[in-house]
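Same order as they appear, the protein sequences are chains A and B.
Quick note: the first sequence uses our numbering, first residue 1, plus one each step.
Quick note: the second sequence uses our numbering, first residue 1001, plus one each step.
Positions of the beta carbon are idealized from the N, C-alpha and C atoms, including for glycine.
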Amino acid sequence: MNKNVLEVDDLRTSFFTDEGELQAVRGVTFHLERGRVLGLVGESGCGKSVTSYSVMRLIQEPGRIVGGQILLHTGDGRTLDTATLNEKSEELYEVRGGLVSMIFQEPMTALSPVHSIGNQICEAILLHQDVTQADAERLAVDMLGKVGIPGPEERLSQYPHELSGGMRQRVVIAMALVCKPELLIADEPTTALDVTIQAQVLRLIKELQAELGTSVLFITHDLGVIAQMADDVAVMYLGRIVEQGSVHAVLKAPLHPYTQALLRSLPGLSGTRERLASIEGTVPNLREIPPGCPFHPRCEAFKEGLCDTGAAPELEELAADHRVACVRAKEVNGL
Amino acid sequence: MTSTPQPLLSVQDLCKFFPIFSKGFFQRKAGVVKAVNEVSFDLFPGETLGLVGESGCGKTTTGRAILRAIDPTSGKVLFHDQGQTHELSGLPTPELKPLRTRMQMIFQDPFSSLNPRMTVGDIVGEPLKIHRLAKGTELRDRVAAMLERVGLRPEHAIRYPHAFSGGQRQRIGIARALVMNPALIVADEAVSALDVSVQAQVINLLEDLQEEFHLTYIFIAHDLSVVKHICDHIAVMYAGRIVELAPTDELFSAPKHPYTRALLSCVPHPDPDIKMNFDLHGEVADPANLPSGCSFHPRCSECIERCSQDVPDLTTRDERLLACHLIDPDQ
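Below is the structure:
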């Protein structure tokens, strides 16, 4: 068995609009080790969701994967490149919901309002496993119990509107994990929830991940959630990974100026009433991606002629298990 | 300056109940949602009070009831401004209108709070027009000056909201609130929809403006780290009531109410070595069907018998207001 469950190599995903090609993901490379949690973090528009949708092949017209590989190594020794699988192939059906499943941000939109919860969970089971309806229902009840929903038998016939936000997200998690996927993609799974409910849901994902041995790709904009959930982190900016490494390395000793600035601009960490170190400007539009390092117009360490020319910098290993895409990282951090 | 400073705003036993009607033709009153229940606090000029709590705890309704965006069910809102005291909750509309210039609101969603069919200049200038405070060149100049003050350019006045990013839109919303020269601003989740790097810019702007115009803020947020940064005092709300109100530093260094402690411990910290608490069970109390006694008692790990029977009063202990039976006022 390959030790990695997912290997993404130079992934490029673009959207072809009237205004031309918008490159949402521009050469993303990472791998996820079996049984670990990889956090993908960044601000809106950085391409973290497009990356995860690409893995599931959920990119819709006018979007398209235009390059790169997404290798999925299954537990039984096969390797599938989901980037090139035929839209109608058996394998892609197996990937979606079977080998890989996803938890979405908004539990209300991820669930069908006109089907009962039991119906929706059983559908996933019947599609991917060779069992009878009665067995499927039993599996659904087991799973609902596992995600901490009280009275799972009665819940099967209930509809999503009868549940609270936290309970709905538990149902979505049950649905995602009922087929025992090898890879779980969690796209901002707790952003719509209150902090106390967020804590419960995060704990649940952690426990189930440990119990089932699922590997998790965890997407969020919240650095706090990443710190608590992930083993490894990749920080994205404008469609590229700018810093990657273990959660300790990246969050405790960030080397890329963007990650450093992001952590500094978090309120509440320094003393109250101190001025926050904000990052100048805003994330540029995808139509106007700056040449050279995409972060250079907002970067404090910007050096003319070095940062703003040529191709975007590639990730470079600067410390053990810590890669940074910045031509000045060594100099700025005194390495 | 007088020897005892007078609060700008003094809220006393503010309540806002919404009736629930039964289904069917004769919509009988079937119950009541106690969205805001006996909320009291004083707010001094130039200070920032944070209202925090989970969804449905009544923080937004409190903010709206204070400004009379909705009419409170009962209670008093005393607004001391320019040497006069106004009781806002019972004031008839004609008398309320001139006071509206002195209290303004900043909304959460910079996408739905700006009319897409109006130019930025019209949006920011509209309050001045409605209150007949400026017209013609003066109006244009005041709008241009305000836009510049919030970090936009005067030429942005002729553009429409869709041309701006989330952070810029929030600046437009701030300009619209400030152009009236208000004393009190209710900022309802004003930075929640923004990305971290932009959020920091807007927080800095709000703090600069507060200093420059001597503004008083009621800052409503669910994000505790933002509130910790910007507020002088924080009121923690649960199921319509304030459960604890304390100066920010004291609240964070020594939270007393079990709910405040639980809430603070649930915040994920960006340092992986500081572990968060995953242990608070249960869900937020339903304001239409509140538990007896203290609303938090079914989730409270330290609950005693009395908690399920009597509603604890909000009592003063040192500089802190607290509503909990566990912390005896006599001690």
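For C122 of chain A, the enclosing alpha helix (DSSP H) begins and ends at 117-128. Secondary structure note for H248 of chain A: its alpha helix (DSSP H) is the uninterrupted segment 247-252. If you look at H256 of chain A, you'll find it isn't in any beta strand (DSSP E); DSSP assigns it neither H nor E. Nearest Cα to E182 of chain A within the set A:L71, A:L255, A:R170: A:L71. Out of B:D1310, B:G1090, B:Q1084, the CA that lies nearest to the CA of A1065 of chain B is found in B:G1090. Remark: C-beta atoms of L1114 of chain B and G1173 of chain B approach each other more closely than 8 Å. For the 8 Å CB-CB criterion, A124 of chain A and V172 of chain A do not form a contact. Cβ-Cβ separation between I1242 of chain B and V1236 of chain B: approximately 7 Å, consistent with a contact (criterion under 8 Å).
Between L1008 of chain B and L1184 of chain B, the C-beta gap is smaller than 8 Å, which places the two residues in contact. Between the segment 1293-1306 of chain B and the segment 1253-1267 of chain B, the count of C-beta pairs closer than 8 Å reaches three or more; the two stretches touch.
DSSP places E1283 of chain B outside both helix and strand once states are collapsed to three, so it counts as coil. Note: E91 of chain A is not bridge-paired with any residue in the DSSP secondary-structure output. At least one beta carbon of chain A lies nearer than 8 Å to the beta carbon of P1268 of chain B. For K1029 of chain B, the enclosing beta strand (DSSP E) begins and ends at 1029-1043.
Chain A has a Cβ within less than 8 Å of the Cβ of G1167 of chain B.
Uninterrupted alpha helix (DSSP H) stretches at least 4 residues long and entirely within the segment 1046-1075 of chain B occur at 1059-1066, given in chain order.
Annotated as proximal: I103 of chain A and A176 of chain A, with beta-carbon spacing under 8 Å. According to DSSP, N4 of chain A shares a beta bridge with A:E33.
Against D194 of chain A, the close residues of chain B are E1054, S1055, H1222, V1284, in the order they occur along the chain (beta-carbon pairs closer than 8 Å). In chain order, Q1108, D1109, P1110, G1166 place their CB closer than 7 Å to the CB of A1193 of chain B, counting only its own chain and leaving out the 5 sequence neighbours on each side. Counted as a single uninterrupted DSSP element, the beta strand (DSSP E) harbouring A1221 of chain B occupies residues 1216-1221. Contact note: R203 of chain A reaches chain B through F1278, using a C-beta cutoff of 7 Å and chain order. In the DSSP assignment, I1130 of chain B falls within the unbroken alpha helix (DSSP H) covering 1120-1130. In the displayed model, V1011 of chain B falls within a strand according to three-state DSSP. Going by DSSP, V1198 of chain B is part of the alpha helix (DSSP H) stretching over 1196-1213.
Think of a sphere of 8 Å around the beta carbon of P1045 of chain B: no beta carbon from chain A falls inside it, the nearest being about 17 Å out.
The three-state reading of DSSP puts V1226 of chain B in helix, counting H, G and I together. Within chain B, the residues placing a beta-carbon under 9 Å from that of D222 of chain A are V1196, P1268, P1270, ordered along the chain. Note on N1037 of chain B: 16 or more other CB atoms within 10 angstroms of its CB, so buried under the neighbour-count rule.
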